[in-house]
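Enquirer:
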Amino acid sequence: MAYSLTESLKHERFHVIDVDQAAGRLRVKAVEDICTEHSCLGAQVFDEMGDACALDRVYPGDIITMEHQDGRVREITVVRRAFEEYSSPEW
3 MAYSLTESLK
13 HERFHVIDVD
23 QAAGRLRVKA
33 VEDICTEHSC
43 LGAQVFDEMG
53 DACALDRVYP
63 GDIITMEHQD
73 GRVREITVVR
83 RAFEEYSSPE
93 W
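Numbering (the working numbering), first residue to last: 3 to 93.
If you want it as C-alpha cells, here you go:
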C-alpha cells in the first residue's frame with residue numbers, strides 16, 4: 003500500500019521503548035501502539051546528526067526509523083531524541 007507523506011512518516015517511525023545492548027535488541031512501539039522486538043545485531047546505527055554510532059547511543063523515548071533486509075534490521079537512524087520530542091512546540 004502506498005502512503006501519503008504524512009501517513010508514511012507515521013508508519014515508518016517508531017518510539018524506542020527499551021534497548022538491550024547486550025543482546026542487540028530493540029523494543030519499539032509503532033503508531034498503532036503495538037510493541038515489537040527487533041534483533042539489531044550487525045545493524046548500522048546513525049545518530050540524529052548522521053554520524054555512525056553504536057546501539058548504546060539509542061535511548062528509550064527516541065524516535066527512529068529502521069530499514070529491514072531478510073527479516074533483520076539492517077540500519078537504524080535516530081530521527082529525534084526523547085528530550086527534543088517533549089520540548090517541541092507541538093506539545
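Just so it is clear, CB atoms sit at the ideal spot from N, CA and C, and this is done for glycine as well. Just so it is clear, the structure is predicted and the values come from calculations on it, not from any experiment.
1. Report back the beta-carbon spacing between Ile65 and His17 to the nearest angstrom; my notes put them in contact at under 8 Å.
2. Among Cys55, Asp22, Arg15, Phe48, which has the Cα closest to the Cα of Glu34?
3. Among the residues of its own chain, which have a CB less than 7 Å from the CB of Ala56, if the five just before and after it don't count?
4. Going along the chain, which residues of its own chain have a beta-carbon closer than 8 Å to the beta-carbon of Ala54, five neighbours each way excluded?
5. Considering Leu28, what are the terminal residues of the beta strand (DSSP E) in which it resides?
6. Checking the sheet assignment: what are the DSSP bridge partners for Ala54?
7. In whole angstroms, what is the alpha-carbon distance linking Met68 and Ala25?
8. On the three-state DSSP scale, how would you describe Arg83?
Expert: On the basis of the coordinates in this document:
1. For the purposes of this step, residue 65 is taken as residue 63 along the sequence shown, with counting starting at 1. For the purposes of this step, residue 17 is taken as residue 15 along the sequence shown, with counting starting at 1. About 6 Å; that satisfies the 8 Å criterion.
2. Your numbering for residue 34 matches position 32 in the sequence shown. Selected option, being the one with the closest Cα: Arg15.
3. For the purposes of this step, residue 56 is taken as the residue at position 54 of the sequence shown. So the qualifying residues of the chain are Val47.
4. To locate residue 54, count along the sequence shown from 1; it is residue 52. So the qualifying residues of the chain are Gln46, Val47, Phe48.
5. Taking the first residue of the sequence shown as position 1, residue 28 is located at position 26. Per DSSP, the continuous beta strand (DSSP E) segment holding Leu28 begins and ends at 27-31.
6. Position 52 of the sequence shown holds residue 54. DSSP lists Phe48 as partners of Ala54.
7. By 1-based counting over the sequence shown, the position of residue 68 is 66. By 1-based counting over the sequence shown, the position of residue 25 is 23. Their backbone Cα atoms lie some 18 Å apart in a straight line.
8. Your numbering for residue 83 matches position 81 in the sequence shown. Of the three classes helix, strand and coil, the one that applies to Arg83 here is coil, per DSSP.
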